[in-house]
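K.L.:
Protein chains in written order, with the working numbering: chain A, 1 to 362; chain B, 1001 to 1362; chain C, 2001 to 2362; chain D, 3001 to 3362. Note that CB positions come from ideal geometry on N, CA and C, so glycine has one too. It should be emphasised that the depicted structure is a prediction, and the values quoted were computed from it without experimental measurement.
There are 4 protein chains.
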Amino acid sequence: MESNPFNPEMIVILAPGLPATRRRRIRERLESVGATVSVVDGAERQYLELRGEIAALQTIAIDGWPGVDKVIVLGESAMHWAPDDEADCAPIQVAGQTIGQGEFTIIAGPCAIEDEERALRIAGRVEAAGANLFRGGAYKPRTSPYAFQGLGKDALPILEKVRNQTGLGIITEVLDPRDVERISQVADMLQVGSRNMHNYSLLKELGQASTPVLLKRGFSSTIDEWLMAAEYILSGGNSMVVLCERGIRCAAASRKVVLDLGAISELKKRTHLPIFVDPSHGSGEAYRVPSLAKAAVAAGADGVLIEVHDQPSEALSDGRQALTPEQFEKLVPELYSIRTALGETGTQFSEQVVGSSSGEDH
Amino acid sequence: MESNPFNPEMIVILAPGLPATRRRRIRERLESVGATVSVVDGAERQYLELRGEIAALQTIAIDGWPGVDKVIVLGESAMHWAPDDEADCAPIQVAGQTIGQGEFTIIAGPCAIEDEERALRIAGRVEAAGANLFRGGAYKPRTSPYAFQGLGKDALPILEKVRNQTGLGIITEVLDPRDVERISQVADMLQVGSRNMHNYSLLKELGQASTPVLLKRGFSSTIDEWLMAAEYILSGGNSMVVLCERGIRCAAASRKVVLDLGAISELKKRTHLPIFVDPSHGSGEAYRVPSLAKAAVAAGADGVLIEVHDQPSEALSDGRQALTPEQFEKLVPELYSIRTALGETGTQFSEQVVGSSSGEDH
Amino acid sequence: MESNPFNPEMIVILAPGLPATRRRRIRERLESVGATVSVVDGAERQYLELRGEIAALQTIAIDGWPGVDKVIVLGESAMHWAPDDEADCAPIQVAGQTIGQGEFTIIAGPCAIEDEERALRIAGRVEAAGANLFRGGAYKPRTSPYAFQGLGKDALPILEKVRNQTGLGIITEVLDPRDVERISQVADMLQVGSRNMHNYSLLKELGQASTPVLLKRGFSSTIDEWLMAAEYILSGGNSMVVLCERGIRCAAASRKVVLDLGAISELKKRTHLPIFVDPSHGSGEAYRVPSLAKAAVAAGADGVLIEVHDQPSEALSDGRQALTPEQFEKLVPELYSIRTALGETGTQFSEQVVGSSSGEDH
Amino acid sequence: MESNPFNPEMIVILAPGLPATRRRRIRERLESVGATVSVVDGAERQYLELRGEIAALQTIAIDGWPGVDKVIVLGESAMHWAPDDEADCAPIQVAGQTIGQGEFTIIAGPCAIEDEERALRIAGRVEAAGANLFRGGAYKPRTSPYAFQGLGKDALPILEKVRNQTGLGIITEVLDPRDVERISQVADMLQVGSRNMHNYSLLKELGQASTPVLLKRGFSSTIDEWLMAAEYILSGGNSMVVLCERGIRCAAASRKVVLDLGAISELKKRTHLPIFVDPSHGSGEAYRVPSLAKAAVAAGADGVLIEVHDQPSEALSDGRQALTPEQFEKLVPELYSIRTALGETGTQFSEQVVGSSSGEDH
């Protein structure tokens, strides 16, 4: 992993009346891991302002030290996902489609590739309806070892054929670091599913790849954890990461998860990475998908990922949440009409949001 | 509480090979509480199909009885909130504003009434910007007993003055069953806050009132629990209930709660009650409010409830999430342009959603 | 509500390079609400150390002010629940039973009072088995308005008879502020259920009462919120509050809630209030109750609240989680044998926990 | 993966009045995937009782089919983790220590191996205090790519030396399927951490291994998902799986997670696999660990996993939750005294719990 220029500003609040020997010990220990320490005297306590290498400062749990009351981390400006990291702002292209940067992207297709004929048929329908990229699972992570696990490598030639016949770029999921290279030969974009957001071996391998990655949010992961998962890929050298919100688990939710559309404005403020939304997994039932897809667009998403199957009731996985091609054809123009109504390109939206948040009254 | 015509269809699945004496005991007990029992013989077990009074069947935890494997409730058709309960479908009017039925409603105002001058000033601004109703808290439920609890009854004359000067209908929160009558004399709509969704004493009192009620979802309540809270009011005789989604707690959420916009399509299918959304509490920070307000409209909400304060940084409560009048003025036309883009009235949307869910492929 | 001597230590961290005019404005505003402000100059930013009245400082959302980066609250020492608030440390007595202070209390009885004969029969059994207090619901909060709501005031004479015949003190739930006085005439302890932990009208009324209160944790409430709910009662003048953990909602839980036994050691450290546990609601199924009751004792609980019914399958509510008298008789000596094994009285345990947490290595 | 003998009993409840053609279509489709279908005629609807291969029945989302109201799965008896699967009940031995079967196991050691000297020093202390196995991370999954990631393969010789010098068996975490073989050469037991419970590539690889596996619960995973993760390993041929509860995320939790001790009795009933508890991750702070460790033992855990560090404030990871050797020495006899007080061996406990749950009154 390349060296990282992160230069955090941390503030360590010491306990009141801490003996000088203990204060010195704390300071020495901080300096021994490379921190630059500036001491500030308060009325009854000291504050230590720190600068230094994140690698060193994060390995030590400063807030657990005796005599330390609180540790505050104020800056995240040197993370690769931070909005002002110009070097990482190169536009992401997937099979000729620009991702983010004011462009709107629709990814559609079945949960899993079941057979060639069906894959081609669905791909033809979604392409005609306005999809920009085709999704279809080759390797499927399933809760039960006895459930359909996808066709595996046998699905890869089918995906290749879909691209050749429809011209649509291909996105498919990767589960195992040993498969990254093989799948990259076929796919234009690699998906990391929700269950693998914390699979750091896989993320590190993807950091070495030169294929764009769609990184879904872990189903119980915070935004901070999600961005740090992206950092595993970005810091490895692969700057082409797209975030995809797909719903988080919640005790009160009626369908397992709640789609966190509020994450969009927060992410637009904190990162330059494009933000996609998966209203299919985010709702769990087909009848709820159009409402949430439209909401995602209105909230400012750069793209959506929608499961489409021509016979949902026959699907080998996730049929319950798949739209039919007819439902998808009806939905696409609605999504574009919301984009038009808002007069938005992604870039303008981003500026507007960040602008409004820096106003005097927040 | 009036007698209720609920006539559920429940199915009780008995354990395989259950002795006849035990089966008879179960049947007798069900009949003793008024159920009509139809016995179905399976290959190795019996099924009991039940009809009867919900009041009787719900008081006994049938699924805990020895010999009972599962209890399935199939119907909710006789609940007052069920979509086919015609008697309850009378349109709700609040100060001349039709709620739902294809009409879109914007409620705006400060979290709490702080003083008369400020209340009138904010009300003037939101009225000019396009708000339909004015919100302002008199009684405030606060986590700390030492936090500002609202002006209480001293705020009521101020709310009355706001209505007289602006013509806006007034909505304000009620916390205590003993206050329902007094507040109803001033308010056009009573709000039940998230913390009181399970306060059944209060809900029963509101069932006796003749003022419309905005019922916020408990911050950790399921949709089923929320609808049953509405049923407490509806079954008491007050048919004017509006549901308001305001975010539910979630471990992975970055700002305490996640706004559950997926609830809208589910509620549109299950109930005729209008659905509002509160993007202010649902986001917790002003910069996230416009994105979520637009998303709520695109998802099909019948109205939104937005906190507006002319000096958010001086607000006595919730200032962090309040829009300024300027931000509100910018947002309102965006909300309407989404409505227009979708060519929707609430009624049409409702039909479309329900229609799409009844298709062959779901 | 009486004046409160809370004297927090808060630290406001200002943004780097904040203009002097803004800094002055912030300082003036803080002083205008009564804070004493001490300014500390850091290398690039200022810190403001505050002391003052909590009532004033909590009404203003300081962390939302422009120019404020963070607000840290360091002290909670003046809350009535804080361990060093000697005035509030008077022992709680319920019908001759000391609560906490090294004594262990077992509360047992049915979820709801169903009829006099059954109540007396169950009370006789649990008294003989070693219960110290009898629980039985008169007013029941139920999710459905059609479910059994308890016998209401008709249950009160039954509770009185139970006390007269068995000598057990009585605890029962109160739902409505208008019922506090009436129920207090019969009950030795009033229970606030999970759904009403945020019902501040009720809590304020209980603050005026002279009956001990068992305050259950809201099913999605943090420990901070729970302690502040206790503060509503304590600050009103009623110092007899017992906290009762009963499980919190969690997306991954198999039975609705997870019993948060980790709360015990945290509460022992932060408050002098006795801590009880309700393993019946905390598990939802009778077979899981003994395991969790024993765990609660081992974790240091001052008491447990266990539902017992002589015919759980006939119970009008919560039968699934009730122990039979036989199961309860088997459990009680196990609970005491754990107490003995640990050589603990509540007081010693408390000292041990607080002591171990103040060691050098935490 | 070997063929699986699972023979579920599922019941499909059809919609009332479903046309015969649709009913036939459903039946044909079920039979086409290998199900044996028995049709039961209810008063207004049909029920289909199914038997068949789980692999086929789980690949099709029957409950999403038109005309299907509900699908009930009644049996899980053929899963490898099910308690009556005798073939899988062979005792698990780790370095001479029997796991479960009435034996109690204490695993202790630092979060991460930092250097040889410290590892040996801590190992000596925990061995002397009564630990049965030594834990120490070589490969560490960290949220940030810049945090200390463990010494990796350089830690393996250190672990080997610990075993040679102390005689303690070694348990360490595996993150990557490519590391399973290498780590197995050194470790007596492989740990799958919470973040990887859903990493099916890793689980499949472990199914091919002949080293016992400690499978931690995903931090937002249900018990069903956890057992199915175990099934990935068991069905691959490795029958030596130990489950370890370590806390689940919860919105109301004060320290990220809540330790779900209620899972113990449920798992004792549903599976023969031994159940361990990790009170260190389950509490997040050292002062809370003893209380939860004792609670785990009282609840019936077969073992505990406790982080011990001789200088917690200097630890490179998780220092905040580590006990000192002194604290650990004080805790161990308390754990055993609870075991003694309960007169329990794991086996007896298991019988008691299962026994009590099969009684007439549940």
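Give, in chain order, every residue of the segment 1098 to 1126 of chain B whose Cβ lies closer than 8 Å to some Cβ of chain D.
P.N.:
Those would be none; no residue qualifies.
K.L.:
Leaving out five residues on either side along the sequence, give the residues of the same chain with a beta carbon under 8 Å from the beta carbon of Gln2097 (chain C).
P.N.:
So the qualifying residues of the chain are Glu2103, Thr2105, Asn2132, Leu2133 and Gly2169.
K.L.:
What are the start and end residues of the alpha helix (DSSP H) that includes Lys204 (chain A)?
P.N.:
Lys204 (chain A) -> alpha helix (DSSP H) spans Tyr200 to Gly207.
K.L.:
Given a threshold of 16 other Cβ atoms within 10 Å of its Cβ, counted over all protein chains shown, does Gln1321 (chain B) qualify as buried or as exposed?
P.N.:
The residue is buried, with at least 16 neighbouring Cβ atoms inside 10 Å.
K.L.:
Output the distance between the C-alpha atoms of Met2079 (chain C) and Met2228 (chain C), rounded to the nearest integer angstrom.
P.N.:
Between Met2079 (chain C) and Met2228 (chain C), the C-alpha separation is close to 9 Å.
K.L.:
At 9 Å on the CB atoms, spell out the chain D contacts of Arg27 (chain A), in chain order.
P.N.:
Simply none; closest approach about 14 Å.
K.L.:
Bridge partners of Glu1103 (chain B), per DSSP?
P.N.:
Beta-bridge pairing links Glu1103 (chain B) to B:Gly1100.
K.L.:
Quick one: any contact between the segment 3268 to 3275 of chain D and the segment 3321 to 3338 of chain D, if contact means 3 or more CB pairs under 8 Å?
P.N.:
Touching, no, given that fewer than three Cβ pairs across the two stretches are closer than 8 Å.
K.L.:
Could you list which residues in chain B have their beta carbon closer than 9 Å to that of Asp2310 (chain C), in chain order?
P.N.:
Here the premise fails: no neighbours, minimum Cβ distance about 15 Å.
K.L.:
Rounded to the nearest angstrom, what separates Val33 (chain A) and Asp2188 (chain C) at their Cα positions?
P.N.:
About 60 Å.
K.L.:
Flag this pair as yes or no: are the beta carbons of Leu50 (chain A) and Leu30 (chain A) separated by less than 8 Å?
P.N.:
Yes.
K.L.:
Cα-Cα, which of B:Ala1315, B:Thr1166, B:Glu1173 and B:Ala1119 is closest to Ser1194 (chain B)?
P.N.:
Ranking B:Ala1315, B:Thr1166, B:Glu1173 and B:Ala1119 by Cα distance to Ser1194 (chain B) puts B:Glu1173 first.
K.L.:
Under DSSP, the beta strand (DSSP E) around Ile3113 (chain D) begins and ends at which residues?
P.N.:
Here Ile3113 (chain D) belongs to no beta strand (DSSP E), and DSSP marks it neither H nor E.
K.L.:
Quick one: Cα of Phe349 (chain A) to Cα of Gly300 (chain A), how far?
P.N.:
At Phe349 (chain A) the pLDDT is 32, less than 50, meaning the model places this residue with poor confidence and gives no usable figure here.
K.L.:
Report the rounded CA-to-CA distance for Glu3114 (chain D) versus Leu2259 (chain C), giving the unit in angstroms.
P.N.:
Cα-Cα distance, rounded: 35 Å.
K.L.:
Could you tell me how far apart the beta carbons of Ala1286 (chain B) and Ala295 (chain A) are, in whole angstroms, since I believe they sit closer than 8 Å?
P.N.:
In fact, because the Cβ distance is near 20 Å, the residues do not count as touching under 8 Å.
K.L.:
Please state the DSSP three-state secondary structure of Phe363 (chain A).
P.N.:
Residue 363 (chain A) lies beyond the stretch modelled for chain A, which goes from 1 to 362, so this question has no answer here.
K.L.:
At a CB distance below 8 Å, what residues from the segment 3285 to 3298 of chain D approach chain C? Give them in sequence order.
P.N.:
Listed in sequence order: Glu3285, Ala3286, Tyr3287, Arg3288, Pro3290, Ser3291, Leu3292, Lys3294, Ala3295, Ala3296, Val3297 and Ala3298.
K.L.:
How about Arg1024 (chain B) and Gln1046 (chain B): are their beta carbons less than 8 Å apart?
P.N.:
No; because the gap between Cβ atoms is not below 8 Å, this pair is not in contact.
K.L.:
Alpha carbon to alpha carbon, what distance is there between Leu3203 (chain D) and Asp2063 (chain C)?
P.N.:
Going from the Cα of Asp2063 (chain C) to the Cα of Leu3203 (chain D) covers about 46 Å.
K.L.:
Could you name the residues of the same chain whose beta carbon sits closer than 6 Å to that of Ser3280 (chain D), not counting the 5 residues immediately before and after it, in chain order?
P.N.:
Excluding residues within five positions, the ones whose Cβ falls inside 6 Å are Val3289, Ile3306, Glu3307 and Gln3321.
K.L.:
Could you name the residues that DSSP lists as bridge partners for Val1037 (chain B)?
P.N.:
B:Leu1050, per the DSSP bridge assignment.
K.L.:
Tell me which residues of the segment 1231 to 1263 of chain B have at least one Cβ-Cβ distance to chain A shorter than 9 Å, keeping chain order.
P.N.:
Answer set for the segment 1231 to 1263 of chain B: Gly1247, Ile1248, Arg1249, Cys1250, Ala1251, Ala1252, Ala1253, Ser1254, Arg1255, Val1257, Val1258, Leu1259, Asp1260, Leu1261, Gly1262 and Ala1263.
K.L.:
Helix, strand or coil for Thr222 (chain A)? Go by DSSP, reduced to three states.
P.N.:
Coil, per DSSP.
K.L.:
Candidates D:Cys3244, D:Pro3066 and D:Lys3161: which alpha carbon is nearest Arg3027 (chain D)'s?
P.N.:
Ranking D:Cys3244, D:Pro3066 and D:Lys3161 by Cα distance to Arg3027 (chain D) puts D:Pro3066 first.
K.L.:
Quick one: what's got a C-beta closer than 8 Å to Leu1335 (chain B)'s C-beta in the same chain, skipping five residues either side?
P.N.:
Here the set comprises Phe1104, Ile1106, Ala1293, Lys1294, Val1297 and Val1304.
K.L.:
Could you tell me the alpha carbon to alpha carbon distance between Ser38 (chain A) and Val12 (chain A), rounded to whole angstroms?
P.N.:
Cα to Cα, Ser38 (chain A) sits roughly 10 Å from Val12 (chain A).
K.L.:
Anyone know if the C-beta pair for Thr2166 (chain C) and Leu2190 (chain C) falls short of 8 Å?
P.N.:
Their beta carbons are not under 8 Å apart, which means Thr2166 (chain C) does not touch Leu2190 (chain C) by this criterion.
K.L.:
Could you tell me whether the Cβ atoms of Trp1226 (chain B) and Leu1206 (chain B) are closer together than 8 Å?
P.N.:
No, Cβ-Cβ distance for Trp1226 (chain B) and Leu1206 (chain B) is not below 8 Å.
K.L.:
Could you list the residues in the segment 153 to 186 of chain A with a C-beta less than 9 Å from some C-beta on chain D, going in chain order?
P.N.:
Listed by position, the residues of the segment 153 to 186 of chain A near chain D (Cβ gap below 9 Å) are Leu175, Asp176, Pro177, Arg178 and Asp179.
K.L.:
Give the DSSP-derived three-state secondary structure of Glu245 (chain A) in the structure shown.
P.N.:
Looking at Glu245 (chain A) - three-state DSSP - the assignment turns out to be strand.
K.L.:
Does the beta-carbon distance from Arg2217 (chain C) to Arg2246 (chain C) come in below 8 Å?
P.N.:
Yes, the pair counts as a contact, with Cβ atoms nearer than the cut-off.
K.L.:
Could you tell me which chain D residues have their CB closer than 8 Å to the CB of Trp65 (chain A), listed as they occur along the chain?
P.N.:
Those are Ser3313, listed as they occur along chain D.
K.L.:
So, are the CB atoms of Ala3400 (chain D) and Ser2291 (chain C) less than 8 Å apart?
P.N.:
Here chain D covers residues 3001 to 3362 and nothing more, so residue 3400 (chain D) does not appear.
K.L.:
Report the option in D:Gln3093, D:Thr3021 and D:Val3126 whose CA atom is closest to the CA atom of Pro3333 (chain D).
P.N.:
Considering only alpha carbons, the answer is D:Val3126.
K.L.:
Could you tell me the distance, in whole angstroms, from the CA atom of Phe1276 (chain B) to the CA atom of Leu331 (chain A)?
P.N.:
Their backbone Cα atoms lie some 23 Å apart in a straight line.
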